[in-house]
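**Q** This structure is in structure tokens; I'll ask about it shortly.
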Amino acid sequence: MMTFDWQALEDRLVEQSTAVLQQFAAEHPDVLCSFFAYDTNPAYGEFLLSFDSQDNMRRSAQKDEQRQIAQREMMLKLEGSWRGAKFNLRSVSDSSPDVSEFAYHIYAELVWKELEELSLSEDYPQKNHAWEDTYIHGNVRIVLWKVIERLMTSEAFAPLRLASPFRVGYQFHDDGHFIVLRLLNWPVL
Numbered sequence: 000m001m002t003f004d005w006q007a008l009e010d011r012l013v014e015q016s017t018a019v020l021q022q023f024a025a026e027h028p029d030v031l032c033s034f035f036a037y038d039t040n041p042a043y044g045e046f047l048l049s050f051d052s053q054d055n056m057r058r059s060a061q062k063d064e065q066r067q068i069a070q071r072e073m074m075l076k077l078e079g080s081w082r083g084a085k086f087n088l089r090s091v092s093d094s095s096p097d098v099s100e101f102a103y104h105i106y107a108e109l110v111w112k113e114l115e116e117l118s119l120s121e122d123y124p125q126k127n128h129a130w131e132d133t134y135i136h137g138n139v140r141i142v143l144w145k146v147i148e149r150l151m152t153s154e155a156f157a158p159l160r161l162a163s164p165f166r167v168g169y170q171f172h173d174d175g176h177f178i179v180l181r182l183l184n185w186p187v188l
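Numbering-wise (numbering that gives the first Met the number 0), the sequence shown opens with residue 0 and increments by one.
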């Protein structure tokens, strides 16, 4: 199997993400940031760094809630609607439901072609069960967790004007599951 240096990817992501965070803070000092997330497409080696503002997050969350209300009104009155109830009764959130709705989606793009080469290699490991991550997806999830922890430890988010709370996470471009790994700047009770 083709080997891949996951530690090198982690180190480069930390270094380049830190630079992007500093650049965003310098270019947008008045933006009250509510979210930082990676919108990633691991099989192509793409990591899209995105920021959301507090105002945009509220608008996006309100719009999503209205979409969900309309969907429930339409879908849950149908004959046999009980069969799909779990898909039509998802939780509303107080944040943007998708990274693509962020105010600064794709603020920066970091690409590692080596990941694409790995995904296309003939000896790429196949998953054994449908519920498993692919080799790249599983390893990228672990790398992103480590990167975010290192960014937290190094106080890389300090230059930003942070909302309370400020969320940090990721989303795989092809599956739509939005993961929040950390919350910073908790409100004082």
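A virtual CB, placed ideally from N, CA and C, is assigned to each residue, including glycine.
1. Quick check on M56: buried or exposed, where buried means 16 or more other Cβ atoms within 10 Å of its Cβ?
2. Quick check: what's the CA-CA separation for H27 versus R160?
3. So the alpha helix (DSSP H) V110 belongs to, where does it begin and stop?
4. For the beta strand (DSSP E) containing D38, list its first residue and its last residue.
5. With 16 other CB atoms within 10 Å as the buried threshold, where does I147 fall?
6. Secondary structure at G168, three-state DSSP: helix, strand or coil?
7. One question on the structure: do F171 and F35 come within less than 9 Å of each other, judged by their Cβ atoms?
8. Compare the C-beta of L8 against all C-beta atoms of chain D and say whether one is closer than 9 Å.
9. Please confirm whether S49 and R166 have their CB atoms less than 9 Å apart.
10. Could you check the C-alpha separation between K85 and S99 for me, to the nearest Å?
11. For R160, which beta-bridge partners are listed by DSSP?
12. In the DSSP assignment, find the beta strand (DSSP E) that holds R181 and state where it starts and stops.
13. Are the CB atoms of M151 and L183 nearer to each other than 9 Å?
14. Need the endpoints of the beta strand (DSSP E) that F46 sits in, please.
15. Looking only at its own chain, which residues have a Cβ that is under 6 Å from the Cβ of W185, when we skip the five neighbours before and after it?
16. For the segment 51-101, which segments carrying the alpha helix (DSSP H) assignment without a break, of at least 4 residues, lie completely within its bounds, in sequence order?
17. Roughly how far, in whole angstroms, is the beta-carbon of T39 from the beta-carbon of V139, given that I think they are within contact range, below 8 Å?
**A** On the basis of the coordinates in this document:
1. As a working mapping, residue 56 is identified with position 57 in the sequence shown. When all chains shown are included, M56 counts as buried.
2. For this step, residue 27 is matched to residue 28 along the sequence shown. For this step, residue 160 is matched to residue 161 along the sequence shown. In a straight line, the C-alpha of H27 is about 9 Å away from that of R160.
3. Translated into the one-based positions of the sequence shown, residue 110 becomes position 111. Premise fails: V110 lies in the beta strand (DSSP E), 103-110, not in any alpha helix (DSSP H).
4. By one-based count along the sequence shown, residue 38 stands at place 39. Element bounds for D38: 31-40.
5. Taking the first residue of the sequence shown as 1, we reach residue 147 at position 148. Its Cβ being crowded by 16 or more others within 10 Å, I147 is buried.
6. Against the sequence shown, residue 168 aligns to sequence position 169. DSSP places G168 in strand when its eight states are reduced to three.
7. Numbered from its first residue, the sequence shown carries residue 171 at position 172. Numbered from its first residue, the sequence shown carries residue 35 at position 36. No.
8. Annotation note: the requested chain D is absent from the structure, which comprises a single protein chain.
9. Here the question's residue 49 lines up with position 50 in the sequence shown. Here the question's residue 166 lines up with position 167 in the sequence shown. Not closer than 9 Å, so no.
10. On the sequence shown, residue 85 is found 86 positions in, with the first residue counted as 1. On the sequence shown, residue 99 is found 100 positions in, with the first residue counted as 1. Each residue's Cα considered, the two are about 24 Å apart.
11. Here residue 160 refers to the residue found at position 161 when the sequence shown is read from its first residue. R160 is bridged to L31.
12. Residue 181 sits at position 182 when you count from the first residue of the sequence shown. Its beta strand (DSSP E) spans residues 177-183.
13. Reading the sequence shown from its first residue, position 152 is the one you call residue 151. Reading the sequence shown from its first residue, position 184 is the one you call residue 183. Contact: yes.
14. For this step, residue 46 is matched to residue 47 along the sequence shown. Looking at the DSSP string, the run of the beta strand (DSSP E) that includes F46 is 45-52.
15. The residue labelled residue 185 in the question sits at position 186 within the sequence shown. Taken in chain order, the residues that qualify are P164.
16. 53-74, 84-87
17. Against the sequence shown, residue 39 aligns to sequence position 40. Against the sequence shown, residue 139 aligns to sequence position 140. About 6 Å separates the two Cβ atoms, so the contact holds.
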